[in-house]
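Visitor: Counted the way this note's numbering counts, the sequence shown spans residues 46 to 485.
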Amino acid sequence: MALVLCLATAGCASRQHPAAANRWLLTGTRLYVAPDQPPVDNAWVLVSDGKIEAIGSASDAPPAGLRREDACSGGVITAGFQNSHVHFTDPAFAGAASRPSTELQPPLSGMTTRFGFTTVVDTGSDPANTGALRQRIERGELQGPEVLTVGSPMYPENGIPFYLRDLPPELLRQLAQPASAEEGRDIVRKNFENGAGGTKLFVATPQGHGEIRRMSADIARAVAEETHSHKGLVMVHPTDPEGVSAAVQAGVDVVVHTTIDPPKSTWSPELIHQMVERHVSVVPTLQLWGYELAKAQVPAEVTERIVGDAERQLAAFSRAGGQVLFGTDVGYMTEWDPTREYVLMAHAGLTPMQILASLTTAPAARWSASERRGRVKPGFDADLVVLDGDPAADVRRFTHVKCTFRAGKLLFVRAAADRAGVDTLAGARPSPGPGGPLGP
(Lines of atoms letter the chains of each structure in order from A; the text may use other names.)
(Lines give C-alpha, C1' and ligand atoms only; values in the text may rest on other atoms or scores of the structure.)
Protein backbone atom coordinates (compact mmCIF):
# COMPACT_ATOMS: atom_id res chain seq x y z
CA MET A 46 0.00 0.00 0.00
CA ALA A 47 1.65 3.18 -1.21
CA LEU A 48 1.38 6.18 1.11
CA VAL A 49 3.45 8.83 -0.66
CA LEU A 50 2.11 12.28 0.10
CA CYS A 51 2.80 15.20 -2.23
CA LEU A 52 4.87 17.89 -0.59
CA ALA A 53 2.63 20.56 -2.09
CA THR A 54 -0.50 19.36 -0.31
CA ALA A 55 -1.89 20.75 2.94
CA GLY A 56 -0.12 19.42 6.02
CA CYS A 57 3.21 18.96 4.23
CA ALA A 58 6.10 21.37 4.32
CA SER A 59 6.07 24.55 2.28
CA ARG A 60 8.07 24.94 -0.95
CA GLN A 61 10.70 26.89 0.97
CA HIS A 62 12.39 24.06 2.83
CA PRO A 63 14.64 24.49 5.87
CA ALA A 64 18.38 24.12 5.57
CA ALA A 65 19.60 20.67 4.49
CA ALA A 66 21.01 19.96 7.95
CA ASN A 67 17.44 20.04 9.34
CA ARG A 68 16.00 17.91 6.55
CA TRP A 69 16.77 14.22 6.47
CA LEU A 70 15.46 10.80 5.55
CA LEU A 71 14.77 7.70 7.63
CA THR A 72 14.09 4.35 5.96
CA GLY A 73 12.63 1.21 7.45
CA THR A 74 11.62 -2.34 6.65
CA ARG A 75 8.16 -1.54 8.03
CA LEU A 76 6.34 1.59 9.14
CA TYR A 77 3.42 1.62 11.56
CA VAL A 78 1.74 4.90 10.68
CA ALA A 79 -0.73 4.24 13.51
CA PRO A 80 -2.14 1.16 15.24
CA ASP A 81 -5.45 1.52 13.41
CA GLN A 82 -3.88 1.63 9.92
CA PRO A 83 -2.18 -1.05 7.82
CA PRO A 84 1.62 -1.10 8.08
CA VAL A 85 3.73 0.09 5.15
CA ASP A 86 6.63 -2.12 4.10
CA ASN A 87 9.94 -0.74 2.79
CA ALA A 88 8.91 2.73 3.90
CA TRP A 89 10.60 6.08 4.34
CA VAL A 90 9.93 9.12 6.50
CA LEU A 91 11.11 12.59 5.52
CA VAL A 92 11.80 14.86 8.49
CA SER A 93 12.09 18.61 8.12
CA ASP A 94 12.90 21.03 10.92
CA GLY A 95 11.63 18.68 13.63
CA LYS A 96 8.38 17.81 11.82
CA ILE A 97 7.34 14.93 9.62
CA GLU A 98 7.25 16.37 6.09
CA ALA A 99 6.23 13.30 4.14
CA ILE A 100 6.06 9.50 4.23
CA GLY A 101 6.17 6.96 1.44
CA SER A 102 6.89 3.40 0.36
CA ALA A 103 9.52 1.75 -1.85
CA SER A 104 7.37 2.21 -4.94
CA ASP A 105 7.57 5.98 -4.45
CA ALA A 106 11.03 7.43 -4.80
CA PRO A 107 11.89 9.78 -1.91
CA PRO A 108 13.46 13.16 -2.65
CA ALA A 109 17.07 12.81 -3.78
CA GLY A 110 20.17 14.30 -2.21
CA LEU A 111 18.99 14.19 1.41
CA ARG A 112 21.05 13.24 4.42
CA ARG A 113 20.08 9.78 5.63
CA GLU A 114 20.09 8.51 9.20
CA ASP A 115 21.97 5.36 8.27
CA ALA A 116 22.60 4.24 11.87
CA CYS A 117 18.84 4.25 12.46
CA SER A 118 17.62 2.94 9.12
CA GLY A 119 16.52 -0.59 8.34
CA GLY A 120 14.24 -1.17 11.34
CA VAL A 121 10.55 -0.97 12.20
CA ILE A 122 9.39 2.64 12.58
CA THR A 123 6.58 3.79 14.88
CA ALA A 124 5.48 7.00 16.54
CA GLY A 125 7.25 7.87 19.80
CA PHE A 126 6.05 6.06 22.92
CA GLN A 127 4.54 7.54 26.10
CA ASN A 128 5.03 6.04 29.55
CA SER A 129 2.05 7.36 31.49
CA HIS A 130 3.35 6.44 34.95
CA VAL A 131 6.91 7.31 35.98
CA HIS A 132 8.67 8.91 38.95
CA PHE A 133 11.90 10.89 39.17
CA THR A 134 12.48 9.93 42.80
CA ASP A 135 15.62 7.86 42.24
CA PRO A 136 18.69 9.48 43.87
CA ALA A 137 20.22 9.55 40.39
CA PHE A 138 17.91 12.51 39.62
CA ALA A 139 18.43 14.41 42.88
CA GLY A 140 19.70 17.97 42.60
CA ALA A 141 18.52 18.27 39.01
CA ALA A 142 18.87 22.07 39.01
CA SER A 143 22.64 22.04 39.54
CA ARG A 144 23.88 18.51 39.04
CA PRO A 145 26.27 18.07 36.08
CA SER A 146 24.53 16.90 32.93
CA THR A 147 27.11 14.11 32.63
CA GLU A 148 25.63 12.62 35.81
CA LEU A 149 21.97 13.15 34.93
CA GLN A 150 22.06 12.08 31.30
CA PRO A 151 22.81 8.35 31.75
CA PRO A 152 19.90 7.59 34.13
CA LEU A 153 17.57 9.86 32.15
CA SER A 154 18.36 8.01 28.93
CA GLY A 155 18.43 4.63 30.62
CA MET A 156 14.97 5.04 32.14
CA THR A 157 13.21 6.76 29.24
CA THR A 158 14.58 7.19 25.70
CA ARG A 159 16.49 3.89 25.82
CA PHE A 160 13.04 2.25 25.69
CA GLY A 161 11.51 4.59 23.10
CA PHE A 162 9.73 6.97 25.49
CA THR A 163 9.52 10.44 23.94
CA THR A 164 6.87 11.56 26.46
CA VAL A 165 6.55 10.58 30.12
CA VAL A 166 4.09 11.49 32.87
CA ASP A 167 5.60 12.06 36.31
CA THR A 168 2.83 10.93 38.65
CA GLY A 169 4.45 12.10 41.87
CA SER A 170 7.95 13.35 42.65
CA ASP A 171 9.49 16.48 44.15
CA PRO A 172 7.82 19.12 41.92
CA ALA A 173 10.76 21.53 42.09
CA ASN A 174 13.25 18.83 41.11
CA THR A 175 11.08 17.51 38.28
CA GLY A 176 10.55 21.08 37.10
CA ALA A 177 14.29 21.69 37.01
CA LEU A 178 14.85 18.46 35.09
CA ARG A 179 12.16 19.40 32.59
CA GLN A 180 13.60 22.89 32.10
CA ARG A 181 17.07 21.52 31.43
CA ILE A 182 15.65 19.14 28.83
CA GLU A 183 13.79 21.94 27.10
CA ARG A 184 16.89 24.16 27.11
CA GLY A 185 18.85 21.37 25.44
CA GLU A 186 21.22 20.81 28.37
CA LEU A 187 19.87 17.27 28.64
CA GLN A 188 18.51 15.00 25.93
CA GLY A 189 15.24 13.58 27.14
CA PRO A 190 11.51 13.15 26.65
CA GLU A 191 8.73 15.67 27.04
CA VAL A 192 7.93 15.57 30.76
CA LEU A 193 4.33 16.01 31.90
CA THR A 194 3.72 16.21 35.64
CA VAL A 195 0.87 16.20 38.16
CA GLY A 196 2.85 17.99 40.88
CA SER A 197 2.48 16.98 44.53
CA PRO A 198 -0.01 14.14 45.19
CA MET A 199 -2.82 14.50 47.70
CA TYR A 200 -3.69 11.93 50.36
CA PRO A 201 -6.72 11.43 52.65
CA GLU A 202 -6.69 13.43 55.86
CA ASN A 203 -4.30 11.65 58.26
CA GLY A 204 -3.90 9.09 55.51
CA ILE A 205 -0.24 8.79 54.58
CA PRO A 206 0.19 5.13 53.50
CA PHE A 207 2.23 2.92 55.78
CA TYR A 208 4.93 2.37 53.17
CA LEU A 209 5.84 6.08 53.19
CA ARG A 210 6.06 6.56 56.95
CA ASP A 211 9.82 6.00 57.01
CA LEU A 212 10.44 9.08 54.89
CA PRO A 213 12.31 11.96 56.58
CA PRO A 214 9.95 14.05 58.77
CA GLU A 215 10.57 17.20 56.72
CA LEU A 216 9.45 15.35 53.59
CA LEU A 217 6.42 13.82 55.29
CA ARG A 218 5.28 17.31 56.30
CA GLN A 219 5.19 18.29 52.63
CA LEU A 220 2.71 15.55 51.67
CA ALA A 221 -0.68 17.21 51.20
CA GLN A 222 -3.63 15.82 53.19
CA PRO A 223 -6.49 18.28 52.60
CA ALA A 224 -9.09 18.42 55.38
CA SER A 225 -11.70 20.31 53.32
CA ALA A 226 -12.85 20.81 49.75
CA GLU A 227 -11.52 24.37 49.70
CA GLU A 228 -8.14 23.27 50.99
CA GLY A 229 -8.01 20.70 48.19
CA ARG A 230 -8.89 23.35 45.61
CA ASP A 231 -6.17 25.62 46.95
CA ILE A 232 -3.56 22.87 46.62
CA VAL A 233 -4.60 22.31 43.01
CA ARG A 234 -4.22 26.01 42.22
CA LYS A 235 -0.74 26.10 43.77
CA ASN A 236 0.30 22.99 41.86
CA PHE A 237 -0.74 24.54 38.57
CA GLU A 238 1.06 27.78 39.43
CA ASN A 239 4.18 25.66 39.90
CA GLY A 240 3.93 24.04 36.47
CA ALA A 241 1.71 20.99 37.02
CA GLY A 242 -0.58 19.88 34.24
CA GLY A 243 -2.85 17.74 36.38
CA THR A 244 -3.50 16.32 39.84
CA LYS A 245 -2.70 12.99 41.51
CA LEU A 246 -5.07 11.72 44.19
CA PHE A 247 -4.68 8.82 46.58
CA VAL A 248 -8.37 8.19 47.25
CA ALA A 249 -7.63 5.17 49.44
CA THR A 250 -4.43 4.42 51.33
CA PRO A 251 -3.40 1.29 53.24
CA GLN A 252 -2.53 1.97 56.87
CA GLY A 253 -1.38 -1.53 57.73
CA HIS A 254 -3.14 -4.43 59.42
CA GLY A 255 -5.89 -4.33 56.78
CA GLU A 256 -7.00 -0.74 57.48
CA ILE A 257 -7.75 1.55 54.52
CA ARG A 258 -8.07 5.33 54.96
CA ARG A 259 -10.35 6.94 52.35
CA MET A 260 -10.52 10.46 51.00
CA SER A 261 -13.77 12.33 51.60
CA ALA A 262 -15.98 12.22 48.49
CA ASP A 263 -16.62 15.98 48.57
CA ILE A 264 -12.86 16.69 48.67
CA ALA A 265 -12.18 14.33 45.76
CA ARG A 266 -14.98 15.91 43.68
CA ALA A 267 -13.79 19.45 44.46
CA VAL A 268 -10.22 18.61 43.50
CA ALA A 269 -11.40 17.06 40.23
CA GLU A 270 -13.56 20.08 39.40
CA GLU A 271 -10.74 22.51 40.16
CA THR A 272 -8.28 20.50 38.08
CA HIS A 273 -10.65 20.41 35.13
CA SER A 274 -11.17 24.16 35.39
CA HIS A 275 -7.43 24.45 34.68
CA LYS A 276 -7.82 22.02 31.74
CA GLY A 277 -5.80 19.37 33.55
CA LEU A 278 -6.27 15.65 34.11
CA VAL A 279 -6.97 13.92 37.43
CA MET A 280 -4.98 10.73 38.01
CA VAL A 281 -5.91 8.40 40.86
CA HIS A 282 -4.15 5.73 42.88
CA PRO A 283 -7.16 3.55 43.82
CA THR A 284 -5.73 0.74 46.08
CA ASP A 285 -8.86 -1.45 45.81
CA PRO A 286 -12.09 -1.78 43.75
CA GLU A 287 -13.91 0.51 46.20
CA GLY A 288 -11.23 3.13 45.50
CA VAL A 289 -11.77 2.70 41.77
CA SER A 290 -15.50 3.26 42.26
CA ALA A 291 -14.88 6.35 44.40
CA ALA A 292 -12.57 7.72 41.72
CA VAL A 293 -15.20 7.24 39.03
CA GLN A 294 -17.85 8.97 41.15
CA ALA A 295 -15.47 11.89 41.77
CA GLY A 296 -15.08 12.48 38.04
CA VAL A 297 -11.44 11.51 37.57
CA ASP A 298 -9.75 10.88 34.23
CA VAL A 299 -7.12 8.18 34.76
CA VAL A 300 -6.86 5.29 37.21
CA VAL A 301 -3.12 4.66 37.44
CA HIS A 302 -3.18 1.02 38.61
CA THR A 303 -5.15 -2.16 38.44
CA THR A 304 -5.80 -3.50 41.96
CA ILE A 305 -4.60 -6.58 43.84
CA ASP A 306 -6.27 -5.79 47.19
CA PRO A 307 -8.28 -7.41 48.68
CA PRO A 308 -7.36 -11.00 47.72
CA LYS A 309 -9.08 -12.14 44.48
CA SER A 310 -9.70 -8.50 43.64
CA THR A 311 -12.24 -8.07 40.83
CA TRP A 312 -13.90 -5.18 39.01
CA SER A 313 -17.60 -5.81 38.55
CA PRO A 314 -19.23 -5.46 35.12
CA GLU A 315 -21.20 -2.52 36.52
CA LEU A 316 -18.02 -0.74 37.63
CA ILE A 317 -16.32 -1.32 34.29
CA HIS A 318 -19.41 -0.04 32.47
CA GLN A 319 -19.30 3.15 34.54
CA MET A 320 -15.59 3.59 33.84
CA VAL A 321 -16.03 3.23 30.09
CA GLU A 322 -19.18 5.37 30.01
CA ARG A 323 -17.40 8.18 31.87
CA HIS A 324 -14.23 7.90 29.75
CA VAL A 325 -11.96 6.85 32.60
CA SER A 326 -8.62 5.51 31.33
CA VAL A 327 -6.56 2.80 33.03
CA VAL A 328 -2.79 2.41 33.39
CA PRO A 329 -2.43 -1.32 34.24
CA THR A 330 1.10 -1.41 35.82
CA LEU A 331 0.94 -5.22 35.80
CA GLN A 332 4.71 -5.58 36.13
CA LEU A 333 4.61 -3.63 39.39
CA TRP A 334 2.64 -6.34 41.20
CA GLY A 335 5.24 -9.04 40.69
CA TYR A 336 7.92 -6.57 41.76
CA GLU A 337 6.08 -5.70 44.98
CA LEU A 338 5.16 -9.29 45.81
CA ALA A 339 8.76 -10.41 45.28
CA LYS A 340 9.88 -7.82 47.83
CA ALA A 341 7.34 -9.33 50.25
CA GLN A 342 8.73 -12.81 49.45
CA VAL A 343 5.36 -14.09 48.28
CA PRO A 344 5.71 -17.56 46.69
CA ALA A 345 5.82 -17.60 42.90
CA GLU A 346 2.63 -19.62 42.48
CA VAL A 347 0.70 -17.19 44.70
CA THR A 348 2.17 -14.22 42.84
CA GLU A 349 1.03 -15.72 39.56
CA ARG A 350 -2.55 -16.02 40.81
CA ILE A 351 -2.59 -12.47 42.18
CA VAL A 352 -1.15 -10.94 39.00
CA GLY A 353 -3.68 -13.02 37.09
CA ASP A 354 -6.47 -11.17 38.93
CA ALA A 355 -5.06 -7.85 37.69
CA GLU A 356 -4.74 -9.25 34.17
CA ARG A 357 -8.42 -10.19 34.23
CA GLN A 358 -9.35 -6.65 35.26
CA LEU A 359 -7.40 -5.30 32.29
CA ALA A 360 -8.89 -7.87 29.93
CA ALA A 361 -12.47 -7.07 30.96
CA PHE A 362 -11.87 -3.33 30.80
CA SER A 363 -10.30 -3.57 27.34
CA ARG A 364 -13.05 -5.84 25.98
CA ALA A 365 -15.63 -3.32 27.18
CA GLY A 366 -13.95 -0.62 25.06
CA GLY A 367 -11.98 1.10 27.83
CA GLN A 368 -8.97 3.24 26.98
CA VAL A 369 -5.70 1.64 28.13
CA LEU A 370 -2.56 3.72 28.68
CA PHE A 371 0.85 2.12 28.95
CA GLY A 372 2.70 2.79 32.21
CA THR A 373 5.04 0.96 34.55
CA ASP A 374 5.60 3.02 37.75
CA VAL A 375 9.29 3.07 36.85
CA GLY A 376 11.31 5.27 39.17
CA TYR A 377 9.43 3.88 42.13
CA MET A 378 10.05 0.43 40.66
CA THR A 379 13.78 -0.08 40.14
CA GLU A 380 13.21 -2.45 37.22
CA TRP A 381 13.66 -0.03 34.33
CA ASP A 382 13.19 -2.58 31.54
CA PRO A 383 9.45 -2.69 30.64
CA THR A 384 9.60 -6.00 28.76
CA ARG A 385 7.59 -7.80 31.43
CA GLU A 386 4.79 -5.24 31.16
CA TYR A 387 4.39 -5.91 27.45
CA VAL A 388 4.36 -9.67 28.04
CA LEU A 389 1.72 -9.43 30.78
CA MET A 390 -0.49 -7.12 28.70
CA ALA A 391 -0.35 -9.62 25.85
CA HIS A 392 -1.10 -12.46 28.27
CA ALA A 393 -4.18 -10.51 29.37
CA GLY A 394 -5.37 -10.64 25.76
CA LEU A 395 -4.29 -7.30 24.30
CA THR A 396 -3.05 -7.52 20.73
CA PRO A 397 0.26 -5.94 19.68
CA MET A 398 -1.65 -3.13 17.98
CA GLN A 399 -3.72 -2.49 21.11
CA ILE A 400 -0.47 -2.24 23.05
CA LEU A 401 0.94 0.12 20.41
CA ALA A 402 -2.20 2.24 20.80
CA SER A 403 -1.62 2.39 24.57
CA LEU A 404 1.83 3.81 23.81
CA THR A 405 0.91 6.25 21.04
CA THR A 406 -2.58 7.26 19.89
CA ALA A 407 -4.38 6.67 23.22
CA PRO A 408 -2.12 8.89 25.37
CA ALA A 409 -2.00 11.53 22.65
CA ALA A 410 -5.80 11.65 22.72
CA ARG A 411 -5.98 11.57 26.53
CA TRP A 412 -3.56 14.51 26.82
CA SER A 413 -5.30 16.48 24.01
CA ALA A 414 -2.25 16.18 21.75
CA SER A 415 -3.74 14.15 18.90
CA GLU A 416 -3.05 16.94 16.43
CA ARG A 417 0.71 16.82 16.89
CA ARG A 418 1.83 13.38 18.10
CA GLY A 419 0.87 9.72 18.36
CA ARG A 420 0.98 9.03 14.59
CA VAL A 421 3.61 9.12 11.86
CA LYS A 422 1.83 11.74 9.81
CA PRO A 423 2.90 14.81 7.81
CA GLY A 424 2.76 17.93 9.96
CA PHE A 425 3.18 16.00 13.21
CA ASP A 426 6.18 16.26 15.52
CA ALA A 427 8.96 13.91 14.43
CA ASP A 428 8.71 11.82 17.61
CA LEU A 429 9.84 8.46 16.25
CA VAL A 430 11.01 5.08 17.49
CA VAL A 431 12.96 2.58 15.41
CA LEU A 432 12.78 -1.04 16.60
CA ASP A 433 15.10 -3.91 15.65
CA GLY A 434 12.15 -6.25 15.13
CA ASP A 435 8.41 -6.26 14.53
CA PRO A 436 6.35 -6.24 17.77
CA ALA A 437 3.45 -7.74 15.83
CA ALA A 438 5.44 -10.99 15.85
CA ASP A 439 6.65 -10.71 19.47
CA VAL A 440 5.65 -7.96 21.91
CA ARG A 441 9.09 -8.17 23.54
CA ARG A 442 10.35 -6.31 20.51
CA PHE A 443 8.73 -3.13 21.79
CA THR A 444 11.88 -2.87 23.94
CA HIS A 445 14.32 -3.68 21.11
CA VAL A 446 14.88 0.01 20.48
CA LYS A 447 17.44 0.92 17.84
CA CYS A 448 16.88 4.70 17.86
CA THR A 449 14.64 7.27 19.51
CA PHE A 450 13.90 10.74 18.10
CA ARG A 451 12.02 13.60 19.68
CA ALA A 452 11.03 16.52 17.42
CA GLY A 453 13.53 15.20 14.88
CA LYS A 454 16.43 15.15 17.33
CA LEU A 455 18.25 11.88 17.90
CA LEU A 456 18.10 11.11 21.63
CA PHE A 457 19.17 7.48 21.70
CA VAL A 458 20.97 5.21 19.23
CA ARG A 459 22.06 1.64 19.71
CA ALA A 460 25.09 1.29 17.46
CA ALA A 461 25.27 -1.83 15.29
CA ALA A 462 28.53 -2.94 16.89
CA ASP A 463 27.03 -2.69 20.36
CA ARG A 464 23.79 -4.63 19.95
CA ALA A 465 25.18 -7.50 21.96
CA GLY A 466 24.53 -5.50 25.10
CA VAL A 467 26.35 -2.16 25.19
CA ASP A 468 24.23 0.93 24.59
CA THR A 469 25.59 4.07 23.00
CA LEU A 470 23.62 7.01 24.37
CA ALA A 471 23.40 10.09 22.19
CA GLY A 472 25.34 12.75 24.04
CA ALA A 473 25.95 10.61 27.12
CA ARG A 474 27.97 7.76 28.52
CA PRO A 475 26.41 4.27 28.87
CA SER A 476 23.67 4.01 31.47
CA PRO A 477 24.79 2.59 34.83
CA GLY A 478 21.28 1.41 35.61
CA PRO A 479 19.20 2.34 38.63
CA GLY A 480 20.68 2.48 42.06
CA GLY A 481 19.96 3.41 45.64
CA PRO A 482 16.76 3.60 47.65
CA LEU A 483 13.75 5.37 46.21
CA GLY A 484 11.40 8.02 47.47
CA PRO A 485 7.61 7.79 47.22
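Idealized CB from N, CA, C, for every residue including glycine.
All values derive from a computational prediction rather than experimental measurement.
1. Among all the DSSP beta bridges, which residues are the ones paired with Trp69?
2. What whole-angstrom Cβ distance do Gly419 and Ala427 have, given they're in contact under 8 Å?
3. Let me check understanding here. Comparing Cα to Cα, which of Phe362, Glu356, Thr405 lies closest to Glu386?
4. Go ahead and pull the three-state DSSP assignment for Glu228.
5. Is the stretch 388 to 407 touching the stretch 171 to 189, taking contact as three or more C-beta pairs under 8 Å?
6. In three-state terms, what does DSSP make of Ala99?
7. Within the stretch 287 to 345, note down every full alpha helix (DSSP H) run reaching 4 residues or more, in order along the chain.
8. Whole angstroms is fine: what's the gap from His282's alpha carbon to Ser143's?
9. Counting Cβ pairs, one atom from each stretch, are 3 or more of them under 8 Å apart for the stretch 297 to 307 and the stretch 324 to 333?
10. Ignore the nearest five residues each way along the sequence and tell me which others in Gln219's own chain have a CB closer than 8 Å to its CB.
11. Excluding five sequence neighbours on each side, which residues of the same chain lie with their C-beta closer than 8 Å to the C-beta of Phe362?
12. With DSSP run on the structure shown, which of helix, strand or coil describes Arg357?
13. Closest to Arg364 by C-alpha separation, out of Ile351, Gly372, Gly335, Met390, would be which residue?
14. Alpha carbon to alpha carbon, how far is Leu212 from Pro251?
15. Among Gly161, Gly140, Asn203, whose alpha-carbon lies nearest the alpha-carbon of Arg181?
16. I need the boundaries of the alpha helix (DSSP H) containing Gly176, first residue and last residue.
17. Using the beta-carbon count (16 or more within 10 Å), is Phe457 buried or exposed?
18. Leaving aside the five residues before and after His130 along the sequence, list all residues of the same chain whose C-beta is less than 7 Å from its C-beta, in chain order.
19. Could you please give me the residues that DSSP links to Gly120 through a beta bridge?
20. Is it the case that the Cβ atoms of Gly240 and Thr194 are separated by a distance below 8 Å?
21. Please list, in chain order, all residues of the same chain as Ile264 whose beta carbon is under 6 Å from its beta carbon, the five residues on each side excluded.
22. Just to confirm my understanding: we take Leu338, look at its own chain, exclude 5 residues before and 5 after, and list those with CB closer than 6 Å. What are they?
23. Taking only three categories from DSSP, how would you classify Leu212?
24. Which residues does DSSP pair with Leu432 in a beta bridge?
25. According to DSSP, which residues form a beta bridge with Val166?
26. Could you tell me which whole beta strand (DSSP E) segments of length 3 or greater appear in the stretch 216 to 280?
27. For my contact list, Phe247 and Pro201 are in at a C-beta cut-off of 8 Å; report their separation, rounded to the angstrom.
28. Cα separation between Arg258 and Gly366?
29. For Val352, which three-state DSSP category applies?
30. Just curious, the beta strand (DSSP E) that Val131 is in, first and last residue?
Guide: In short, the structure shows the following:
1. Reading the sequence shown from its first residue, position 24 is the one you call residue 69. In DSSP, Trp69 forms a bridge with Val92, Arg112.
2. Within the sequence shown, numbered from 1, the residue matching residue 419 stands at position 374. Within the sequence shown, numbered from 1, the residue matching residue 427 stands at position 382. The C-beta distance from Gly419 to Ala427 rounds to 13 Å, too long to meet the 8 Å contact threshold.
3. By 1-based counting over the sequence shown, the position of residue 386 is 341. Closest option to Glu386, Cα to Cα, is Glu356.
4. Along the sequence shown, one-based indexing puts residue 228 at 183. In the structure shown, the three-state DSSP call for Glu228 is helix.
5. At 8 Å Cβ cutoff, the stretches do not touch.
6. Position 54 of the sequence shown, counted from the start, is the residue given in the question as residue 99. Strand at Ala99.
7. Runs of the alpha helix (DSSP H) inside the stretch 287 to 345: 314 to 322, 331 to 340.
8. Residue 282 sits at position 237 when you count from the first residue of the sequence shown. Residue 143 sits at position 98 when you count from the first residue of the sequence shown. The alpha-carbon atoms of His282 and Ser143 are separated by roughly 32 Å.
9. Yes, since at least three Cβ pairs between the stretch 297 to 307 and the stretch 324 to 333 fall closer than 8 Å, the two stretches touch.
10. In the sequence shown, the residue the question calls residue 219 occupies position 174. Within the same chain, Ser197 come within 8 Å of Gln219 by CB-CB distance, once the 5 residues on both sides are set aside.
11. Locating residue 362 in the sequence shown gives position 317, counting from the first residue. Result list for Phe362: Trp312, Ile317, Met320, Val321, Val327, Val369, in chain order.
12. If you number the sequence shown from 1, residue 357 lands on position 312. Assigned with DSSP and collapsed to three states, Arg357 falls in helix.
13. In the sequence shown, the residue the question calls residue 364 occupies position 319. Considering only alpha carbons, the answer is Met390.
14. In the sequence shown, counting from the first residue as 1, residue 212 sits at position 167. In the sequence shown, counting from the first residue as 1, residue 251 sits at position 206. Distance between Leu212 and Pro251, taken at the CA atoms: about 16 Å.
15. Along the sequence shown, one-based indexing puts residue 181 at 136. When C-alpha distances from Arg181 are compared across Gly161, Gly140, Asn203, the shortest belongs to Gly140.
16. Locating residue 176 in the sequence shown gives position 131, counting from the first residue. Element bounds for Gly176: 172 to 183.
17. Mapped onto the sequence shown, residue 457 falls at position 412. Taking every protein chain shown into account, the CB of Phe457 has 16 or more other CB atoms within 10 angstroms, so this residue is buried.
18. Walking along the sequence shown from the start, residue 130 turns up at place 85. Hits under 7 Å: Val166, Thr168, Val301, Val328, Thr330, Gly372, Thr373, Asp374.
19. Along the sequence shown, read from residue 1 onward, the residue named residue 120 stands at position 75. Secondary-structure assignment with DSSP links Gly120 through a beta bridge to Gly73.
20. Counted from its first residue, the sequence shown places residue 240 at position 195. Counted from its first residue, the sequence shown places residue 194 at position 149. Between Gly240 and Thr194, the C-beta gap is smaller than 8 Å, which places the two residues in contact.
21. In the sequence shown, residue 264 corresponds to position 219, counting from 1. Its chain contains Pro223, Ala226, Gly229 as the residues whose beta carbon lies nearer than 6 Å to that of Ile264, once the 5 sequence neighbours on both sides are disregarded; these appear in chain order.
22. Within the sequence shown, residue 338 is the residue found at index 293, counting from 1. Around Leu338: Thr348.
23. Residue numbering aside, residue 212 sits at position 167 when the sequence shown is read from its first letter. In the structure shown, the three-state DSSP call for Leu212 is coil.
24. Residue numbering aside, residue 432 sits at position 387 when the sequence shown is read from its first letter. Val121, Val446.
25. The residue you call residue 166 lines up with position 121 of the sequence shown. The partner list for Val166 (beta bridge, DSSP) reads Leu193.
26. Counting whole runs of 3 or more residues, the stretch 216 to 280 contains the beta strand (DSSP E) stretches 243 to 247, 249 to 253, 256 to 259.
27. Mapped onto the sequence shown, residue 247 falls at position 202. Mapped onto the sequence shown, residue 201 falls at position 156. That belief holds up - the Cβ atoms of Phe247 and Pro201 are roughly 7 Å apart, short of 8 Å.
28. Position 213 of the sequence shown, counted from the first residue, corresponds to residue 258. Position 321 of the sequence shown, counted from the first residue, corresponds to residue 366. Each residue's alpha carbon lies about 31 Å from the other.
29. Start at 1 with the first residue of the sequence shown, and residue 352 comes out as number 307. Looking at Val352 - three-state DSSP - the assignment turns out to be helix.
30. As a first step, residue 131 must be located in the sequence shown, where it is residue number 86. Counting along the chain, the unbroken beta strand (DSSP E) around Val131 starts and ends at 126 to 131.
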